[in-house]
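For reference, the structure is listed below as structure tokens.
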Amino acid sequence: MEEKKDIIFGIILIIFSIINYLVIIPYYVKGKALYGLDPNFFPKLLTILLGIFSLALIINRWYYVSIHINKKTREIKKVNYKIFYLIIIFIFYIVIFEHFGFLWATPVTLALLMFCFGCRNFKSILFYCLITTLSLFYLFEKILKIVLH
Amino acid sequence: MIQDLISGFYSILILKNIFAIIVGVNFGIFMGAMPGLTGTMGIALIIPLTYPLSPITAFCILLGTYKGCLFGGSLPAILINTPGTPAAAATVLDGFPLAQNGKAGKAMGIALYSSVLADLFTTLCLIFVAVKLAEIALKFGPPEYASIVIFALTVIAGVSGKSLIKGFLVASAGFLLGTVGLDPILSTPRFTFGIVELLRGISMMTMMIGLFAVSEVIIQCERKQEESSTFIPISKGGATWKDLKICLPAIFRGSLIGLLIGAIPGIGAAPSSFLSYSETRRLSKHPEKFGKGAIEGVAAAESGNNAVCGGALIPLLALGIPGDITTAVLLGAFMIHGLAPGPELFTENSEIVYAIFACMIMANLFLFIFGSQAIKIFSLVTRLSKFVIFPVTAILCIIGVYGFNGSYFDLWVMLFFGLIGYVMRKNDFPIAPFLIAFILEPIGERAIRQSLILSDGSLLIFITRPISAFFIFLAIISIFLVLNMNRLGGKQL
Chain A
2 MEEKKDIIFG IILIIFSIIN YLVIIPYYVK GKALYGLDPN FFPKLLTILL GIFSLALIIN
62 RWYYVSIHIN KKTREIKKVN YKIFYLIIIF IFYIVIFEHF GFLWATPVTL ALLMFCFGCR
122 NFKSILFYCL ITTLSLFYLF EKILKIVLH
Chain B
5 MIQDLISGFY SILILKNIFA IIVGVNFGIF MGAMPGLTGT MGIALIIPLT YPLSPITAFC
65 ILLGTYKGCL FGGSLPAILI NTPGTPAAAA TVLDGFPLAQ NGKAGKAMGI ALYSSVLADL
125 FTTLCLIFVA VKLAEIALKF GPPEYASIVI FALTVIAGVS GKSLIKGFLV ASAGFLLGTV
185 GLDPILSTPR FTFGIVELLR GISMMTMMIG LFAVSEVIIQ CERKQEESST FIPISKGGAT
245 WKDLKICLPA IFRGSLIGLL IGAIPGIGAA PSSFLSYSET RRLSKHPEKF GKGAIEGVAA
305 AESGNNAVCG GALIPLLALG IPGDITTAVL LGAFMIHGLA PGPELFTENS EIVYAIFACM
365 IMANLFLFIF GSQAIKIFSL VTRLSKFVIF PVTAILCIIG VYGFNGSYFD LWVMLFFGLI
425 GYVMRKNDFP IAPFLIAFIL EPIGERAIRQ SLILSDGSLL IFITRPISAF FIFLAIISIF
485 LVLNMNRLGG KQL
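Protein chains in written order, with this note's numbering: chain A, 2 to 150; chain B, 5 to 497.
Okay, here's the thing in structure tokens:
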């Protein structure tokens, strides 16, 4: 199963390398040097290397799969929705932090994160949210003079 | 010289200077331990407070901060898989596995001993051979930088984990990401897609926090655990004399590497700690233990990054050239206090120079004392449950990244790298080669391109200059050794 995943990653990275070499680099890496190497030399070289190593990964894993895995196995994996919730909370925090500032965004997000991590004790959620928000605000804004909004 | 050093101690050993060192060391440990806050930022924040102080007292607080910060970065690296500073990135590799095995106290103890010993070693080198070493370091031109980077790249094979192909693959991706931003020679934009924030490239701090800390938060959230359980076992016992004895060769090696890398302007502590880690792994009788919780790994990484402190001060004090960003900020502090680092400093203000040397030794002593206390305090983290640690870590990461540049764009970049880190870790793609390649790309590319401009495109420049040829030779030897080691160890491609 791991080997098949590696093959999929290899294919994705080869496609990325081709798009990067043929489309992205010609449009987004410009300039020509009078002496020495052009600005696009290293991006091109590294894209080629990325493609070569991706191909090597595919070949290596393909070879392994053809030898070691004979029968088809179907593994059904339960999707863990907690990760999606966590990412949504991160996005929520970044957006709210940008628009409403640290003091509004942090307690709400921290409470959501603690709930997502499995904490169901609302007193401790309230306690940690208040303590963390106020101490971080005091530290950054008052001591370190880093503006958090 | 000894007489000068003794008079340096006389100027330091007054209450206000000792208090300044204590404040500096503790502030530094705290800054280093906060993800996103670096030593450079700590020194920059504290410089305005030194305006009314005498130059000696000012440097007591500034150097204390510098040293404290280099050690402080290791604490979150070991406890929550989040390097406090970029220099502590290599400490994560073995520090966090040790913490997961219930040996957080041991790992932090070794990190402290290594930091103090390496720092002491380089401070003594700074005192006795500063001028000579600075002269050697100044002989390094673009070809020498390029060959050092090529040598450092052999580290990648050592930290590639189970598969070499995957190691090289992610290293290529890391290099490619290192090219984002302004071209180092012509300053033309590359892969910026019209986004102004990308002109300065991807911030190393942002990427590192995303790859290590955010991905760890996601992984911990995914795991099923009882509400009351802690995420790492409660740490019992610290580092013993026996542990230190095992680590002494690694500490000595790391100190030498850090001294050399620190003395060469523009490389910095992160490559030094990775290089030290890789060399220790390569010379170890049990390289297979590295990455799974080897205390020598922590010792090598920490001695490698702390030794840079003394090393970086060599060109600063002897020649007035800063070795890294932090010493560049320190150079500013010298100027603010009416001092001009360089050969004249040794002749015209020798009392201040030797007071600085004495202050560095004293700061080491206080780092040892207050570092031990910091370990005890931070060990309490292991007693907290994961539903407190990780939500607070997530918030700290976001605030730390925002505080670093004041950029909301960096928060999205951090989240992006958090997801990349999660996918990489779930699928056994090693993170270390990715990060090493990203760190080394700007230094390497600039050096190679400058060298080829100097030589009119001839690659012979890398082997006709003796220092450069020496490092190329070391790189070749090192590649053969690694390949042989992998063959004997039955490591898969």
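The beta-carbon is built from N, C-alpha and C at its ideal position, and this holds for glycine as well.
query	result
Reduced DSSP secondary structure (H/G/I, E/B, other) of R194/B	strand
Of the residues V96/B, L128/B and I255/B, the one placed nearest P80/B, counting alpha carbons only	V96/B
Beta-carbon proximity check, A274/B vs A398/B, cutoff 7 Å	no
Contacts around A134/B, its chain only, beta-carbon distance under 7 Å, and the 5 residues preceding and following it disregarded	I318, L321 and A322
Buried versus exposed call for N431/B [16 or more other C-beta atoms within 10 Å across all chains shown]	exposed
Cross-chain neighbours of S176/B in chain A, by beta carbon under 7 Å	L47, L50, L51 and F54
Segments assigned alpha helix (DSSP H), at least 4 residues, entirely inside the stretch 395–460 of chain B	412–430 and 435–458
Range covered by the alpha helix (DSSP H) that runs through G182/B	L168 to G182
Cβ-Cβ distance between G106/B and G88/B below 7 Å	no
Residues of its chain near K32/A, where Cβ-Cβ distance is below 8 Å and the 5 sequence neighbours each way are ignored	Sequence check: residue 32/A is Gly here, not Lys. Correct list, in chain order: D39, P40 and N41.
S136/A versus I53/A: straight-line alpha-carbon distance, rounded	50 Å
C225/B at chain A interface by Cβ criterion, 7 Å	yes
Beta-carbon proximity of C363/B to F63/B, cut-off 7 Å	yes
Partner residues on chain B for K83/A, Cβ-Cβ distance less than 7 Å	C225 and E226
Any alpha helix (DSSP H) of 4 or more consecutive residues that is wholly inside the stretch 118–148 of chain A	123–138
Within the stretch 308–379 of chain B, ranges of the alpha helix (DSSP H) (whole runs, at least 4 residues)	329–340 and 347–352
Inside the stretch 16–82 of chain A only - alpha helix (DSSP H) runs reaching at least 4 residues	26–29 and 42–69
Partners in chain A for D432/B, counting only beta-carbon separations shorter than 8 Å	E3
For C129/B and L157/B, the rounded distance between their alpha carbons	27 Å
Within 7 Å, strictly: CB atoms of Y94/A and C117/A	no
Residue nearest to L252/B in terms of C-alpha spacing, selected from L202/B, G308/B and S219/B	G308/B
Between the CA atoms of A337/B and F13/B - distance to the nearest angstrom	21 Å
Proximity of I402/B and L388/B at Cβ, strictly below 7 Å	no
Length of the line joining the Cα atoms of A451/B and P147/B	6 Å
The stretch 12–32 of chain B / the stretch 51–71 of chain B touching (three or more Cβ pairs under 8 Å)	yes
Through-space distance from L458/B to I222/B, alpha-carbon basis	48 Å
Sub-7 Å separation of S282/B and V417/B beta-carbons	no
Cβ-based burial, M112/B [other Cβ within 10 Å; buried from 16]	buried
Burial state of Y426/B, where buried means 16 or more other Cβ atoms lie within 10 Å	buried
Buried/exposed call for V218/B, threshold 16 Cβ in 10 Å	buried
Minimum Cβ-Cβ distance from K124/A to chain B less than 7 Å	no
Rounded separation between T110/A and I90/A - CA only	7 Å
Alpha-carbon spacing of E231/B relative to F216/B, whole angstroms	Reliability fails at E231/B, whose pLDDT of 45 lies under 50, so the model's placement of it is uncertain and the value that follows must be treated cautiously. Straight-line Cα distance between these residues: approximately 24 Å.
Three-way DSSP call (helix, strand, coil) for S389/B in this model	strand
Contacts around G315/B, its chain only, beta-carbon distance under 6 Å, and the 5 residues preceding and following it disregarded	T126, G262, L263, G266 and A267
CB contact below 7 Å: P44/A versus chain B	yes
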